[in-house]
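Residue numbers for the sequence shown follow my numbering, so the first one is 108 and each next one is one higher.
Just so it is clear, CB atoms sit at the ideal spot from N, CA and C, and this is done for glycine as well.
These numbers come from a predicted model, not from an experiment.
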Amino acid sequence: MKKLVSLLSLAGILVLGSACAKKNSDFAGRYATNASGAKAIDAGRSEQAANFAQTYGLKTLDVINIRKQGYAGSFEMHSTILLNDTALDIKTAHRADEEVQTSTPINIDGYSVYVNTRCSNANCDYYFIMLSAYQNNQAVMQAGVMKSNTAGYSDTYQWISGSSFVPFYVNDWYDKGTMIGLLLSKQ
């Protein structure tokens with residue numbers, strides 16, 4: 108009888124273990140990449156941001172496509188963002204590593220979205236975009252993406268909860284307290 112109880116206990120542990128593995132596998136699959144295929148910097152933090160945003164009715168805030176046009180020193184970057192079910196194309200012009208940001212928010216579905224973008228250099232080897240969504244002046248979610256235009260480097264993304272927004276850039280490319288620093292942290 109003791110062997111039967113032990114075998115049943117072992118079977119229960121194995122079932123529990125495979126259920127946990129399935130949940131971890133689902134989690135990894137859901138947040139490992141964003142809609143454009145960029146790799147997560149911290150998938151757990153992105154999941155927390157998505158859950159926080161859902162309490163405000165925000166189902167999706169993401170960058171789903173980025174294209175570069177132009178020549179060295181002067182580029183137009185074309186980004187498609189998705190907020191819930193609304194896709195919007197954004198075009199920004201860049202010279203070297205200057206920051207481009209919206210002075211007024213883009214208003215979509217009751218959310219105000221501010222956009223910050225920046226190229227890493229005159230060739231725009233890395234392009235950074237950050238979306239900051241607010242509802243009634245309440246921070247809801249940030250979505251940041253780094254598009255690599257350099258062979259051998261991966262695109263990365265990070266979602267940030269409205270309760271812990273970060274600045275886009277503050278004088279140091281690798282400051283992990285900024286969106287750009289986070290996006291570069293796995294390169």
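With contact defined as three or more Cβ pairs closer than 8 Å, the region 141-153 and the region 175-182 are not in contact.
Inclusion of Thr263 and Leu290 in the CB contact set at 7 Å is warranted, their separation being smaller than that value. Contact check for Leu195 and Ile171: beta-carbon distance about 10 Å, past the 8 Å limit, so the pair fails to qualify.
Residue pairing of Ile287 in beta bridges, as defined by DSSP: absent, with no partner found.
Residue pairing for Arg225: DSSP places it in a beta bridge opposite Glu206, Phe235. With a 10 Å radius around the Cβ and a threshold of 16 neighbouring Cβ atoms, Gly217 comes out exposed. Look at Ser181 here: in three-state DSSP terms it is strand. Membership of Gly164 in any beta strand (DSSP E) is not indicated, and neither H nor E is assigned to it by DSSP. Setting aside the 5 residues that flank it on each side, Met286 is surrounded in the same chain by Met237, Gly251, Val273, Phe275, each with a C-beta closer than 6 Å to its C-beta; the list follows chain order.
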